[in-house]
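4 protein chains.
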Amino acid sequence: MTKGRMEAFSDGVLAIIITIMVLEIKVPHGNSFNDLLPLLPIFLSYVLSFIYLGIYWNNHHHMLHTVKKVSGKILWANLHLLFWLSLVPFVTGWMGENHFAAETMALYGFIMLMAAIAYFFLQNSIIHSQGEGSLLKHAVGNDLKGKLSPVLYIIGIAMAWVNEWISGAMFVLVAIIWLVPDKRIEKILKSEGE
Amino acid sequence: MTKGRMEAFSDGVLAIIITIMVLEIKVPHGNSFNDLLPLLPIFLSYVLSFIYLGIYWNNHHHMLHTVKKVSGKILWANLHLLFWLSLVPFVTGWMGENHFAAETMALYGFIMLMAAIAYFFLQNSIIHSQGEGSLLKHAVGNDLKGKLSPVLYIIGIAMAWVNEWISGAMFVLVAIIWLVPDKRIEKILKSEGE
Amino acid sequence: MTKGRMEAFSDGVLAIIITIMVLEIKVPHGNSFNDLLPLLPIFLSYVLSFIYLGIYWNNHHHMLHTVKKVSGKILWANLHLLFWLSLVPFVTGWMGENHFAAETMALYGFIMLMAAIAYFFLQNSIIHSQGEGSLLKHAVGNDLKGKLSPVLYIIGIAMAWVNEWISGAMFVLVAIIWLVPDKRIEKILKSEGE
Amino acid sequence: MTKGRMEAFSDGVLAIIITIMVLEIKVPHGNSFNDLLPLLPIFLSYVLSFIYLGIYWNNHHHMLHTVKKVSGKILWANLHLLFWLSLVPFVTGWMGENHFAAETMALYGFIMLMAAIAYFFLQNSIIHSQGEGSLLKHAVGNDLKGKLSPVLYIIGIAMAWVNEWISGAMFVLVAIIWLVPDKRIEKILKSEGE
Chain R
0 MTKGRMEAFS
10 DGVLAIIITI
20 MVLEIKVPHG
30 NSFNDLLPLL
40 PIFLSYVLSF
50 IYLGIYWNNH
60 HHMLHTVKKV
70 SGKILWANLH
80 LLFWLSLVPF
90 VTGWMGENHF
100 AAETMALYGF
110 IMLMAAIAYF
120 FLQNSIIHSQ
130 GEGSLLKHAV
140 GNDLKGKLSP
150 VLYIIGIAMA
160 WVNEWISGAM
170 FVLVAIIWLV
180 PDKRIEKILK
190 SEGE
Chain F
0 MTKGRMEAFS
10 DGVLAIIITI
20 MVLEIKVPHG
30 NSFNDLLPLL
40 PIFLSYVLSF
50 IYLGIYWNNH
60 HHMLHTVKKV
70 SGKILWANLH
80 LLFWLSLVPF
90 VTGWMGENHF
100 AAETMALYGF
110 IMLMAAIAYF
120 FLQNSIIHSQ
130 GEGSLLKHAV
140 GNDLKGKLSP
150 VLYIIGIAMA
160 WVNEWISGAM
170 FVLVAIIWLV
180 PDKRIEKILK
190 SEGE
Chain Z
0 MTKGRMEAFS
10 DGVLAIIITI
20 MVLEIKVPHG
30 NSFNDLLPLL
40 PIFLSYVLSF
50 IYLGIYWNNH
60 HHMLHTVKKV
70 SGKILWANLH
80 LLFWLSLVPF
90 VTGWMGENHF
100 AAETMALYGF
110 IMLMAAIAYF
120 FLQNSIIHSQ
130 GEGSLLKHAV
140 GNDLKGKLSP
150 VLYIIGIAMA
160 WVNEWISGAM
170 FVLVAIIWLV
180 PDKRIEKILK
190 SEGE
Chain W
0 MTKGRMEAFS
10 DGVLAIIITI
20 MVLEIKVPHG
30 NSFNDLLPLL
40 PIFLSYVLSF
50 IYLGIYWNNH
60 HHMLHTVKKV
70 SGKILWANLH
80 LLFWLSLVPF
90 VTGWMGENHF
100 AAETMALYGF
110 IMLMAAIAYF
120 FLQNSIIHSQ
130 GEGSLLKHAV
140 GNDLKGKLSP
150 VLYIIGIAMA
160 WVNEWISGAM
170 FVLVAIIWLV
180 PDKRIEKILK
190 SEGE
């Protein structure tokens with residue numbers, strides 16, 4: 000099965016990205032809980048990014064369930080997505096170490112926006128390759144979440160210079176939207192099986 | 000087989016966590032054995048965490064043997080477990096570099112406690128998804144080890160401020176309990192096969 | 000299937016190389032976009048290397064499609080390729096941090112040249128192992144890209160001391176040549192299937 | 000197939016170890032070839048360790064070919080091997096950064112010796128689990144290489160304080176012994192297939 004290696008490679012890259020982020024939480028010099036306090040913003044941004052990457056892995060996993068064969072175009076659309084996600088540890092670290100300063104949050108939102116667009120491209124490549132009666136197209140439906148996310152990211156980016164809390168709230172909101180169980184593809188696959 | 004990617008991703012993350020920990024053992028500047036002496040506590044905490052992660056990988060491996068299909072809930076319960084385990088290199092490094100100071104040991108125990116709870120959640124999600132006559136439920140039985148571990152962790156955490164040796168003994172004890180070959184699932188699987 | 004583990008190991012190494020490179024983009028101390036400016040050359044070299052590694056993974060993926068059994072010679076030819084690719088994060092970081100200085104670019108080109116030669120060796124080992132009527136030999140054809148790349152690398156290396164822009168243009172050109180969809184193997188495989 | 004995950008996990012750990020070593024080759028500050036000169040011993044030790052790990056991966060790959068089912072004992076024997084191999088980046092870096100000083104070479108040899116012993120244990124666990132007529136036992140035969148390596152390591156360790164060149168020669172010799180194609184298992188497997 001030709002998609003096996005694409006899944007394996009994506010799993011590998013996502014597993015490394017999610018784990019490498021923890022290296023940004025540098026071991027402090029002191030040995031008391033107080034010495035951990037300055038790490039709190041870094042930890043919080045780690046949690047947020049971990050959840051984001053978990054969502055991406057989850058959705059990627061479901062999306063590829065509908066794929067039977069992989070074209071060169073899909074391979075590159077996938078690498079394009081992985082490229083933006085590979086920058087997540089950097090922006091997570093930068094945002095966390097600077098206590099959610101305006102421009103660090105804007106860049107975080109920008110990278111997330113680019114990843115969302117890359118995911119959208121990948122999804123479209125797959126749908127296009129499946130032709131008429133695409134299983135993925137059916138599963139995605141009106142893709143409300145997919146359309147809402149970029150809007151929230153853009154609001155989050157713009158708000159970074161106004162109020163960092165609103166900006167952060169937007170990014171958290173995107174995560175919450177996706178964390179709500181997305182039965183779409185699971186349902187379609189199940190009904191296919193019947 | 001739908002669980003394949005969840006296994007691959009978990010293997011990837013666990014492999015990276017277990018290997019990244021070694022980066023905390025920083026190459027010393029001197030070139031004699033004496034220069035390695037200050038690294039001893041870091042090395043010991045590395046060994047302990049390596050064994051813990053080996054146990055987790057082992058148990059995870061056996062547990063997933065009983066799983067046939069993976070739901071969204073199980074995927075997230077798994078990511079939740081990986082989240083706490085991803086913090087192991089950090090707490091291992093902090094504890095080792097501070098020569099097992101009280102609060103560093105307490106945090107180590109806390110992360111291990113959270114991982115144990117996350118493992119318990121994952122186990123329950125799988126049992127629940129298997130419904131009546133769950134193979135895993137049967138295999139786990141009264142889950143003595145699973146129930147004892149959190150108690151030992153909590154004693155270990157509380158003892159960190161009293162006596163670091165007792166605290167450490169608790170953490171080592173948990174590892175020993177699990178290292179003793181756990182034939183439960185293997186047995187059940189074997190009898191299933193017959 | 001004996002080639003499964005060779006693919007898995009290669010995927011693992013390539014996934015790690017591609018992700019570890021991002022660690023060279025060190026989080027800056029300031030919190031404004033201006034603080035990111037010094038990172039631009041590092042980022043650009045990261046993008047170039049990411050694309051190169053993506054191309055290698057892609058070609059590797061297609062090439063192994065034609066392989067049925069793996070000999071010890073092929074395993075070592077593969078490890079030899081991975082060795083040169085494992086040095087990519089180092090040369091990428093060195094080139095980026097030194098703003099594409101002459102000798103850093105020459106070394107970058109040299110490592111890429113060695114990787115290309117290693118890839119050529121691997122390809123030949125596979126063709127040789129397939130004997131008469133090798134599917135891969137048929138697929139590769141006159142291997143124009145494979146022959147052109149080393150020439151461009153050598154020009155790029157020589158030009159590093161003359162004009163860094165020409166040197167860089169050579170390296171970018173190689174990437175573009177390979178990015179243009181390479182239908183060769185896909186076509187052959189398809190016609191095999193019919 | 001129950002051994003799939005053990006292979007995947009081992010591949011993951013070995014891939015990470017082999018790649019993480021390259022992080023010990025720190026990007027120098029200068030931008031000329033002269034600035035690379037101090038890195039030469041680090042590079043040489045990297046090459047040696049890369050070859051060692053390649054050999055381990057290769058042999059591990061062949062050995063597991065003979066395995067049908069994996070017991071808890073084999074899983075732990077495998078983790079034990081991975082533990083010693085996980086220390087290779089550390090000893091490689093220490094030896095390289097200290098220009099092959101006596102005690103750094105002795106430690107390098109010691110870790111390699113422990114890995115060889117761990118490999119021997121793993122091999123024995125598998126042979127034992129296969130019972131009478133073990134395919135692996137047959138394939139390993141008198142295991143000349145396996146018996147010679149520890150002897151050479153011990154000579155290498157002892158010689159570290161006498162003459163570093165002899166010590167290094169021993170370690171290189173072990174690698175050469177193993178690099179010579181080992182047809183044993185391949186042959187046996189082939190004759191099994193017939």
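Line by line, the protein sequences give chains R, F, Z and W. Just so we're aligned: 88 in the numbering used here is position 89 of the first sequence, and the numbers increase by one with no gaps anywhere. Just so we're aligned: 143 in the numbering used here is position 144 of the second sequence, and the numbers increase by one with no gaps anywhere. Just so we're aligned: 104 in the numbering used here is position 105 of the third sequence, and the numbers increase by one with no gaps anywhere. Just so we're aligned: 53 in the numbering used here is position 54 of the fourth sequence, and the numbers increase by one with no gaps anywhere. Don't be surprised by glycine CBs; every beta carbon is placed ideally from N, CA and C.
Asked, Found
"Proximity test, Cβ basis, 8 Å: L22(W) and chain Z", "yes"
"Beta-carbon gap between G95(W) and E23(W) smaller than 8 Å", "yes"
"A105(F) vs I156(F) beta-carbon contact at 8 Å", "yes"
"Cβ of A7(Z) within 8 Å of any chain R Cβ", "yes"
"L78(F) and G92(R) closer than 8 Å at C-beta", "no"
"Residue from I126(Z), I41(Z), F99(Z) with nearest C-alpha to A76(Z)", "I126(Z)"
"6 Å Cβ shell around I176(W) - same chain, five flanking residues per side excluded", "K144"
"Close Cβ partners of H59(Z) (< 7 Å) along its chain, the five nearest in sequence each way excluded", "S9"
"DSSP state of D34(W) mapped onto helix, strand, coil", "helix"
"Residue-level contact to chain W via CB, G11(F), 8 Å cutoff", "yes"
"Closest Cα partner of L84(R) within the set K72(R), F99(R), L112(R)", "L112(R)"
"Interface residues of chain W facing N30(F) [CB-CB closer than 7 Å]", "N97, A100, E102, T103"
"Interface residues of chain R facing F49(Z) [CB-CB closer than 7 Å]", "F82"
"Residue burial classification, W56(W) (beta-carbon count within 10 angstroms, cutoff 16)", "buried"
"Closest by C-alpha distance to F109(F), when choosing among Q122(F), S128(F), I154(F)", "I154(F)"
"Beta-carbon proximity list for M0(F), same chain, < 7 Å, skipping 5 on both sides", "Low local confidence applies: a pLDDT of 45 at M0(F) is under 50, so the model's placement there is unreliable, with the coordinate-based value given in what follows. For M0(F), where only same-chain residues beyond five positions count, there are no Cβ hits under 7 Å."
"Residues from the stretch 56 to 69 of chain R in contact with chain F, defined by Cβ distance under 7 Å", "W56, N57, H60"
"Distance, W160(R) Cα to W172(R) Cα", "Before going on, a small fix: residue 172(R) reads as Leu here, not Trp. One C-alpha to the other measures close to 18 Å."
"DSSP-derived helix/strand/coil call for P149(F)", "helix"
"Proximal residues, the stretch 147 to 175 of chain Z versus chain R, C-beta separation under 9 Å", "none"
"Simplified DSSP assignment, three categories, for A159(W)", "coil"
"Short Cβ contact (8 Å threshold) for G132(F) with G11(R)", "no"
"Simplified DSSP state of K68(W), which is helix, strand or coil", "coil"
"Secondary structure of S48(Z), DSSP reduced to three states", "helix"
"Best match in L86(Z), L80(Z), A174(Z), Y107(Z) for proximity to M20(W) [C-alpha to C-alpha]", "L86(Z)"
"Residue range of the unbroken alpha helix (DSSP H) whose run includes V90(Z)", "87 to 96"
"H64(Z) versus K136(Z) - alpha carbon distance", "13 Å"
"Where N58(W) falls: helix, strand or coil (DSSP)", "helix"
"Local conformation of S133(R) per DSSP, three classes", "coil"
"Beta carbon of I17(W) nearer than 8 Å to that of F49(W)", "yes"
"Minimum Cβ-Cβ distance from T18(R) to chain F less than 8 Å", "yes"
"Distance between beta carbons of S166(R) and M158(R), contact taken as under 8 Å", "4 Å"
"Classification of L39(F) by the beta-carbon crowding that lies within 10 angstroms, buried from 16 upward", "exposed"
"Residue environment, V194(F), which counts as buried when at least 16 other CB atoms sit within 10 Å", "Any property of residue 194(F) remains undetermined from this structure, which presents chain F solely from 0 to 193."
"Top-ranked residue by Cα proximity to V150(W), from F32(W), L74(W), F170(W), V139(W)", "F170(W)"
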